[in-house]
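Notes to accompany the following structure.
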Amino acid sequence: MYVAVKGGERAIEAAHAQLAEERRGDRAVAELTLAQIEQQLGLAVDRVMTEGSLYDRELAALAIKQARGDLVEAIFLLRAYRTTMPRLGASLPVETTRMTVRRRVSATFKDVPGGQILGPTFDYTHRLLDFSLAEPEDQREPRRGSGPPERVDGGPGDSRASMPRVVDVLDREGLIEAERPDAASRSVGDITREPLVFPAERDVRLQNLARGDEGFVLALGYATQRGYGRNHPFAAEIRIGEVELELAPEELGFPITIGELTVTECQMVNQFTGSATAPPQFTRGYGLAFGHAERKAMAMALVDRALRARELGEAAVTPPQDDEFVLSHSDNVEAAGFVQHLKLPHHVDFQSELVLLRTLRAEAGVAPATTTP
Amino acid sequence: MSGYNFAFLDEHTKRMIRRAILKAVAIPGYQVPFGSREMPLSYGWGTGGVQVTASVIGPDDVLKVIDQGADDTTNAVSIRQFFRRTTGVRTTTRADEATIIQTRHRVPETPLVEGQILVLQVPIPEPLRWLEPRETETRTMHALEEYGVMHVRLYEDITRHGHVETSYDYPVRVNGRYLMRPSPIPKFDNPKLDRNPALLLFGAGREKRIYAVPPYTPVRSLDFDDYPFTIERWEHACALCGARDAFLDEIVVDDKGGRMFVCSDTDHCERRRSGA
Numbered sequence: 163m164y165v166a167v168k169g170g171e172r173a174i175e176a177a178h179a180q181l182a183e184e185r186r187g188d189r190a191v192a193e194l195t196l197a198q199i200e201q202q203l204g205l206a207v208d209r210v211m212t213e214g215s216l217y218d219r220e221l222a223a224l225a226i227k228q229a230r231g232d233l234v235e236a237i238f239l240l241r242a243y244r245t246t247m248p249r250l251g252a253s254l255p256v257e258t259t260r261m262t263v264r265r266r267v268s269a270t271f272k273d274v275p276g277g278q279i280l281g282p283t284f285d286y287t288h289r290l291l292d293f294s295l296a297e298p299e300d301q302r303e304p305r306r307g308s309g310p311p312e313r314v315d316g317g318p319g320d321s322r323a324s325m326p327r328v329v330d331v332l333d334r335e336g337l338i339e340a341e342r343p344d345a346a347s348r349s350v351g352d353i354t355r356e357p358l359v360f361p362a363e364r365d366v367r368l369q370n371l372a373r374g375d376e377g378f379v380l381a382l383g384y385a386t387q388r389g390y391g392r393n394h395p396f397a398a399e400i401r402i403g404e405v406e407l408e409l410a411p412e413e414l415g416f417p418i419t420i421g422e423l424t425v426t427e428c429q430m431v432n433q434f435t436g437s438a439t440a441p442p443q444f445t446r447g448y449g450l451a452f453g454h455a456e457r458k459a460m461a462m463a464l465v466d467r468a469l470r471a472r473e474l475g476e477a478a479v480t481p482p483q484d485d486e487f488v489l490s491h492s493d494n495v496e497a498a499g500f501v502q503h504l505k506l507p508h509h510v511d512f513q514s515e516l517v518l519l520r521t522l523r524a525e526a527g528v529a530p531a532t533t534t535p
Numbered sequence: 006m007s008g009y010n011f012a013f014l015d016e017h018t019k020r021m022i023r024r025a026i027l028k029a030v031a032i033p034g035y036q037v038p039f040g041s042r043e044m045p046l047s048y049g050w051g052t053g054g055v056q057v058t059a060s061v062i063g064p065d066d067v068l069k070v071i072d073q074g075a076d077d078t079t080n081a082v083s084i085r086q087f088f089r090r091t092t093g094v095r096t097t098t099r100a101d102e103a104t105i106i107q108t109r110h111r112v113p114e115t116p117l118v119e120g121q122i123l124v125l126q127v128p129i130p131e132p133l134r135w136l137e138p139r140e141t142e143t144r145t146m147h148a149l150e151e152y153g154v155m156h157v158r159l160y161e162d163i164t165r166h167g168h169v170e171t172s173y174d175y176p177v178r179v180n181g182r183y184l185m186r187p188s189p190i191p192k193f194d195n196p197k198l199d200r201n202p203a204l205l206l207f208g209a210g211r212e213k214r215i216y217a218v219p220p221y222t223p224v225r226s227l228d229f230d231d232y233p234f235t236i237e238r239w240e241h242a243c244a245l246c247g248a249r250d251a252f253l254d255e256i257v258v259d260d261k262g263g264r265m266f267v268c269s270d271t272d273h274c275e276r277r278r279s280g281a
């Protein structure tokens with residue numbers, strides 16, 4: 163005799179206990195500390211902060227630990243925490259020309275004012291597993307190049323001095339479209355407080371791409387290079403470093419620095435043959451991410467440029483140029499939720515479908531295979 | 006629960022959602038965009054319904070949560086626990102005792118009464134979505150009451166199959182104006198929406214939309230004069246309570262094709278069995 167399934171409450175409790183147990187793993191192995199995650203899995207922390215839209219290394223490390231290293235789950239944890247926070251004010255725009263640069267490369271000029279600074283990059287590593295890392299540091303043979311790095315290039319040195327943007331070099335010649343700031347009276351969109359409406363403006367698009375899933379944005383950026391919304395990009399500049407975050411409280415009347423952020427900024431320049439209203443010139447694509455996140459920032463810049471199709475009078479015919487397609491599907495918290503909700507019971511809908519399907523089959527003259535119940 | 010406001014959401018957010026609900030009630034069936042928040046539950050698990058419930062619930066409310074008609078499915082249990090933790094309100098499984106009923110995929114068999122609120126969880130709010138994927142287009146179609154494409158679709162179903170091929174989330178016209186998705190309830194439940202004495206609120210969290218059917222509002226399932234709307238019928242009665250007029254779930258009882266049919270609404274079934 164069938165008995166309606168009960169005990170969902172106990173099953174959920176048991177599942178949570180089991181999850182906690184699996185998260186901890188073998189207790190003979192030392193437990194991870196947040197400092198270890200923050201220091202040694204720093205790029206995971208950067209991604210979780212970027213897509214979680216919350217700059218807090220310690221909370222991101224906590225989320226990664228709690229999520230057992232599942233970064234999308236960690237991003238979700240951080241978002242659900244962030245959404246409960248009050249909105250105290252808006253910072254001034256971050257001035258990246260005053261960045262303390264750790265890495266800065268330009269692909270468009272052999273040398274640029276301020277110099278090329280390679281910095282900590284995987285770019286020229288040979289992807290050979292380094293088996294020496296399998297041993298703790300103190301038991302390892304000392305290696306060439308270990309110890310704190312020397313500064314090879316005297317370049318960056320004085321950080322707070324202005325480091326001009328490479329695109330500004332083109333700007334002076336009028337070769338690149340002028341960047342026109344919005345009217346001061348126009349308030350900037352906030353996708354965490356207001357629903358998306360289409361067509362979306364560039365502020366909203368950039369916010370959406372910044373917190374968008376890295377894999378999704380990467381794939382779309384890649385697609386633009388393969389002909390789906392091709393826009394002939396050049397990486398004018400990628401810079402990584404620390405910038406000051408400033409707030410101008412009304413009662414003070416002048417800006418104060420409230421903290422420092424590490425960010426990755428990418429400026430792409432793209433060929434543009436001109437339109438009825440604009441002369442032939444370079445156009446821009448922009449990417450910005452928290453921490454060290456070049457892949458994300460570059461892909462974002464490609465997609466940003468693709469999404470400007472309408473504004474530049476290009477035919478928007480491919481997915482990366484379609485703001486509804488891109489912005490509606492970029493968020494991995496939304497996407498992961500909706501894809502996985504298929505795990506939830508759907509037996510009522512399914513029963514409705516069964517009733518309909520049996521009716522249709524009966525009318526088509528198909529005899530049922532079994533006679534039960 | 007310490008560290009969080011009553012019903013989790015802060016009061017500013019609740020006010021924003023209540024405004025959206027008021028607008029939705031004022032324009033029955035119209036989808037009102039709202040600033041949906043990330044909730045501590047996954048998208049697709051009912052974040053829209055949870056935000057609506059959290060904005061209307063007060064300390065004196067009595068809450069019932071069902072999924073697939075049942076109070077004891079894991080997601081219903083989890084959402085009920087969430088509100089018990091964050092509000093401390095009394096919960097119940099009885100549809101006639103609840104002031105707020107949050108549901109996924111069913112409208113209770115027990116008729117609702119004035120003063121009750123039914124909150125439905127909505128995955129995709131736009132009834133025209135499968136016919137036109139673009140929001141910019143569908144907004145215009147609603148504004149112009151341009152619903153011909155939906156009638157054409159139903160017509161094509163009938164000419165090809167002799168039936169409308171939609172068994173759940175069957176489109177309705179609300180108050181003779183807006184085309185609305187009733188959320189994935191079986192079409193069996195559609196007639197219950199028509200002139201219902203309770204307030205029906207629909208929340209779509211991921212899609213950031215709220216809509217409503219105020220009490221006693223006409224809700225008509227789309228059909229044709231010569232092909233009237235019909236609901237599912239079973240040859241069986243509920244194997245537990247004997248009901249012949251309830252929506253039945255099919256349970257596979259062995260691997261030889263054995264089946265049994267029982268009420269999907271567990272509260273309704275239990276009360277019939279206990280004679281209450």
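Protein chains in written order, with the numbering used here: chain A, 163 to 535; chain B, 6 to 281.
We treat Cβ as the ideally placed atom computed from N, Cα and C, and that holds for glycine.
Quick caveat, the model's predicted, so the values are computed rather than measured.
Find the residues of chain B that neighbour residue i, judging by a C-beta separation of less than 8 Å, and give them in chain order.
i	result
residue 230 of chain A	Those do not exist, as residue 230 of chain A stays about 16 Å from chain B at its closest Cβ, beyond 8 Å.
residue 237 of chain A	Within 8 Å Cβ-Cβ: nothing; residue 237 of chain A doesn't reach chain B, min ~10 Å.
residue 355 of chain A	40
residue 503 of chain A	47, 48, 49, 50 and 128
Hey, how far is the Cα of residue i from the Cα of residue j?
i	j	result
residue 420 of chain A	residue 452 of chain A	17 Å
residue 94 of chain B	residue 280 of chain B	28 Å
residue 391 of chain A	residue 489 of chain A	16 Å
residue 275 of chain A	residue 337 of chain A	18 Å
residue 193 of chain A	residue 6 of chain B	29 Å
residue 379 of chain A	residue 346 of chain A	30 Å
residue 365 of chain A	residue 195 of chain A	37 Å
residue 202 of chain A	residue 245 of chain A	28 Å
residue 429 of chain A	residue 459 of chain A	9 Å
residue 370 of chain A	residue 334 of chain A	31 Å
Interface residues of chain A around residue i at Cβ under 8 Å?
i	result
residue 73 of chain B	507, 508, 509 and 510
residue 139 of chain B	360 and 486
residue 252 of chain B	510 and 513
residue 97 of chain B	Those do not exist, as residue 97 of chain B stays about 15 Å from chain A at its closest Cβ, beyond 8 Å.
residue 192 of chain B	514
residue 82 of chain B	170, 171 and 174
residue 228 of chain B	Going along chain A, no residue has its Cβ under 8 Å from residue 228 of chain B, so there is no contact; the nearest lies around 15 Å.
What does residue i reach in chain A if we use C-beta pairs closer than 9 Å?
i	result
residue 44 of chain B	242 and 245
residue 162 of chain B	Near residue 162 of chain B there are no residues of chain A at all, since even the closest Cβ is about 11 Å away, more than 9 Å.
Apart from the five residues on each side of it in sequence, which residues of its chain come closer than 8 Å, Cβ to Cβ, to residue i?
i	result
residue 211 of chain A	217, 218, 219, 222, 240, 452 and 453
residue 422 of chain A	404, 405, 406 and 407
residue 324 of chain A	259 and 260
If I measure Cβ to Cβ from residue i and keep anything under 7 Å in the same chain, skipping five residues before and after, which residues do I get?
i	result
residue 202 of chain B	117, 118, 119, 220 and 221
residue 173 of chain B	189, 190, 191 and 192
residue 239 of chain B	253 and 266
So with CB distances below 7 Å, who are the chain B contacts of residue i?
i	result
residue 496 of chain A	48 and 211
Using beta-carbon positions only, say whether residue i and residue j come within less than 9 Å of one another.
i	j	result
residue 198 of chain B	residue 191 of chain B	no
residue 195 of chain B	residue 163 of chain B	no
residue 159 of chain B	residue 169 of chain B	yes
residue 47 of chain B	residue 212 of chain B	no
residue 282 of chain A	residue 265 of chain A	yes
residue 270 of chain B	residue 54 of chain B	no
residue 445 of chain A	residue 470 of chain A	yes
residue 189 of chain B	residue 486 of chain A	no
residue 161 of chain B	residue 143 of chain B	no
residue 270 of chain A	residue 399 of chain A	yes
residue 84 of chain B	residue 67 of chain B	no
residue 273 of chain B	residue 38 of chain B	no
So residue i contacts chain A; which residues on that side make the cut at Cβ distance below 7 Å?
i	result
residue 255 of chain B	513 and 516
residue 189 of chain B	511
residue 53 of chain B	Result: empty, since nearest Cβ-Cβ is about 11 Å, beyond 7 Å.
So, for residue i: in the same chain, excluding its five sequence neighbours on each side, which residues have a beta-carbon less than 6 Å away from its beta-carbon?
i	result
residue 278 of chain A	267
residue 475 of chain A	437
When every heavy atom of the ligand GDP is checked, does at least one fall within less than 8 Å of the C-beta of residue i?
i	result
residue 345 of chain A	The ligand GDP is absent from the structure shown, which contains no ligand whatsoever.
Original post:
Using 8 Å as the Cβ pair cut-off and three pairs as the minimum, do the segment 462-470 of chain A and the segment 376-388 of chain A touch?
Top reply: yes
Original post:
Within the chosen definition, does the segment 197-209 of chain B reach the segment 121-134 of chain B through at least 3 CB pairs nearer than 8 Å?
Top reply: yes
Original post:
Do the segment 148-167 of chain B and the segment 85-99 of chain B meet, that is, are 3 or more Cβ pairs less than 8 Å apart?
Top reply: no
**OP:** Count the C-beta pairs between the segment 78-93 of chain B and the segment 50-60 of chain B that are closer than 8 Å, then say yes if the count reaches three, no if not.
**Re:** yes
Subject >> the segment 221-237 of chain A in contact with the segment 433-443 of chain A per 3-pair CB rule at 8 Å >> reply: no
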